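Here's the structure we're looking at; comments come further down.
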Amino acid sequence: MTVGTIMAARPDAPERRYTRAQTLTRLALVMAGLTVAGIASWSVLLFILLFIVSIIAHEFGHYIVARRAGMKVTEFFIGFGPRIWSYRRGEVEYGLKAIPLGAYVKTPGMTNLETDLPEADEPRTFRAASSSRRALMIFAGPAMNLLLALVGFCVAFSVFDEPTLISSFPVVEVAALEGDPSSPAIAAGLQSGDVVTSIDGVAVDPNGSYGQVGDIVRSRPNKSVPIVVERNGELLTPTALLGTREGCASQGYLGVRPASQTGTIQRNPVEGVGEGVKFFGTAAADTVTGIVKVFGPSGVGRIFRTVTKSECDDLASRPVSIIGISQIGGQAVKSGAQATIMLISVVNLALGMLNLLPVLPLDGGHLLMTAIERIRRRRNPKYVIDYARAVPYFGVAIIVIVFVMFSALYLDTLRLF
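Using this note's numbering, the letters of the sequence shown correspond one by one to residues 4 to 420.
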C-alpha cells in the first residue's frame, strides 16, 4: 500500500466499533484464511507473512519520517477492510483490519482535494510541510524496502555458508520432459557436457546467461535448426528438430539445461558484505530493465497475448502477483534460510523500485508532483498543484499498471488449477 492511496480516506468518516465477540470472530476468520492459504504448504504461509512484514516496513518508513517532520498521523493499520482490533496512543490509532495483505498510514492533507479538514490541523498537514520534508516522507517508504533488500543481500552472502548450485553454462546437460524418455536434444545426438556455441546461426555468449538459449529455442517451434557444440575439443554441428511443450504449441522445446554442480562458496563477513552490495547494484539495474520491459509496449503486448491464449504463459518473462510470489516463496522457504532471505530481498527491491515509478498514486507520482510544485513556486510562492487536473495525465499509465497487475493475478490463479 503506497502513501498515495491515503488521500482517498475520509478523515471524518465514523468507524464502526465491534464487541469483543465480533472482534474474536473476525480474527478467527482471518486466521482461517491464512491457514487455507498455507494448506498447500506451511512454507507458503510463512512467505506470505514475510511479504506482509515488507509492506509494513514500507509504511513504517512513511510513518516515522512524517512524525519526525511534524506532520500529523492519525492512523497506522495493518490490513484493509473491516476493523478487527485497534487502540489509540496519543493522536494515532494503531490496529489490525480483516484483510492482512498490506498496511497503510493516514496523513491528513495529502492533496488539495481534502477540503474538510479542521482548521487547527492545517499547519500539520502533509501539504503544509516544506517540499523537502514532503519529499523525504514520500521517499522513506521505498527507501525502507531498498534498505531491507541491501541488508538481506549482505546477510545472505556473509552469514550463510551453504551448498549452492554453480552454473557451468555454456556447458549443458541433456534433459527430457517428465514421462518422455526422448527429447529433440537426445534425437539430435547432443550429450551432457557439450558446450553450445550457436543455435540456428545465432551465437551464444559464453559469459551470458542460459536465458539466451531459451529465447532462441522458444521462438522456433517445430523448426529444424543446426546447433554448433564443442565436444572434447572438436566442433560438431548436429541438427535438431525442435518440438513443443504440451499445451504450449507456440514455443519451441529442445531439452537441455545448463550444467551445474554443487559447491560451497566460502567468504569472510567483510567479503560477504561487499558481495551483497555488489549484488544489490546489479539486481537494481536488472529490476529497472525488467520494469521497462514489462510496462513497455512489447511487454504489455506479450501479457495481452498470454491472457488471450495466443501465446504460452512463460513465468520467467512476465510479472507475478501475490499468488505467484507466494508459490515461489514457498519453494524458497523449503530450500533454506539463505534462499528465503535472497528472495524476500529481491521482493523488497522490486517493491521499492516499482513504488518510485513517476505515476500517481504511487510514491514516485507524489514525488513528481512535489517537484513540479517546488519548481512552479519559484515564480509563484503561493502555487498549489491541482491533483484533480494532474491525475488524468497519468490515465494511460494507470490503465497499463492495473492491466498488468490483474493479468498477473489471473494467470497465477490459472496455474493453481
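Yeah, the Cβ is synthetic: ideal placement off N, Cα and C, and Gly gets one too.
Note that the coordinates shown come from a computational prediction; the quantities given were computed from them, not determined experimentally.
{"query": "Ala152 - DSSP class collapsed to helix/strand/coil", "result": "helix"}
{"query": "Beta-carbon spacing of Leu151, Ser348 below 8 Å", "result": "yes"}
{"query": "Proximity of Phe80 and Gly333 at Cβ, strictly below 8 Å", "result": "no"}
{"query": "Residue burial classification, Phe409 (beta-carbon count within 10 angstroms, cutoff 16)", "result": "exposed"}
{"query": "Own chain residues within Cβ distance below 7 Å of Thr290, not counting five before or after", "result": "Leu352, Ala353 and Met356"}
{"query": "Distance, Gly275 Cα to Gly93 Cα", "result": "43 Å"}
{"query": "Cβ contact (3+ pairs, closer than 8 Å) linking the segment 53 to 67 and the segment 145 to 159", "result": "yes"}
{"query": "Segment limits, beta strand (DSSP E) that includes Ser227", "result": "Ser227 to Arg234"}
{"query": "Three-pair Cβ contact test at 8 Å for the segment 358 to 370 versus the segment 137 to 145", "result": "yes"}
{"query": "Backbone CA spacing between Val205 and Ile230 [nearest angstrom]", "result": "9 Å"}
{"query": "DSSP state of Glu237 mapped onto helix, strand, coil", "result": "strand"}
{"query": "Limits of the unbroken alpha helix (DSSP H) element including Glu278", "result": "Pro272 to Phe298"}
{"query": "Coil, strand or helix - Gly130 by DSSP", "result": "Checking the displayed sequence, the identity of residue 130 turns out to be Arg instead of Gly. Three-state DSSP puts Arg130 in coil, outside helix and strand."}
{"query": "Beta-carbon gap between Tyr386 and Thr114 smaller than 8 Å", "result": "no"}
{"query": "Own chain, CB closer than 7 Å to Gly105, minus 5 neighbours either side, in chain order", "result": "Met4, Ile58, Gly82 and Phe83"}
{"query": "Backbone secondary structure at Tyr396 - three-state DSSP", "result": "helix"}
{"query": "Among Thr309, Ala411, Ile388 and Arg127, the one whose alpha carbon lies nearest that of Ser324", "result": "Ala411"}
{"query": "Beta-carbon contacts of Gly299 that lie in its chain and below 6 Å, excluding the five residues immediately before and after", "result": "none"}
{"query": "Buried versus exposed call for Thr292 [16 or more other C-beta atoms within 10 Å across all chains shown]", "result": "exposed"}
{"query": "DSSP bridge partner residues for Tyr66 (one or two, in chain order)", "result": "BP columns for Tyr66 are empty, so no partner."}
{"query": "CA nearest to the CA of Pro272, picked from Gln330, Val158 and Pro384", "result": "Val158"}
{"query": "Three or more C-beta pairs below 8 Å linking the segment 193 to 200 and the segment 233 to 247", "result": "yes"}
{"query": "Local conformation of Gly182 per DSSP, three classes", "result": "Because the pLDDT of Gly182 is 43, which lies under 50, any placement of that residue in the model is unreliable, and the number read from its coordinates should be weighed accordingly. Coil, per DSSP."}
{"query": "Beta-carbon spacing of Phe156, Phe283 below 8 Å", "result": "yes"}
{"query": "Per-residue burial, Pro187 [other beta carbons within 10 Å of its own, 16 or more giving buried]", "result": "buried"}
{"query": "Which of helix, strand or coil DSSP assigns to Phe409", "result": "helix"}
{"query": "Presumed contact (8 Å Cβ cut-off) between Thr110 and Lys75, rounded CB distance", "result": "7 Å"}
{"query": "Arg260 - DSSP class collapsed to helix/strand/coil", "result": "strand"}
{"query": "Spatially closest choice to Ser161 from Ile102, Phe406 and Ala340, by CA coordinates", "result": "Ala340"}
{"query": "According to DSSP, residues forming a beta bridge with Val95", "result": "Arg92"}
{"query": "One or two residues paired with Tyr107 in a DSSP bridge", "result": "Phe80"}
{"query": "Pick from Trp88, Val310 and Val303 that is closest to Thr416, judged by C-alpha positions", "result": "Val310"}
{"query": "In DSSP terms, what Leu244 is bridged to", "result": "Ser227"}
{"query": "CA-to-CA distance, Thr200 to Asp208, given in whole angstroms", "result": "8 Å"}
{"query": "Contact set for His65: own chain, Cβ-Cβ below 8 Å, skip 5 residues either direction", "result": "Val6, Val108, Thr110, Met140, Ile141, Ala143 and Gly144"}
{"query": "Three-way DSSP call (helix, strand, coil) for Val387 in this model", "result": "coil"}
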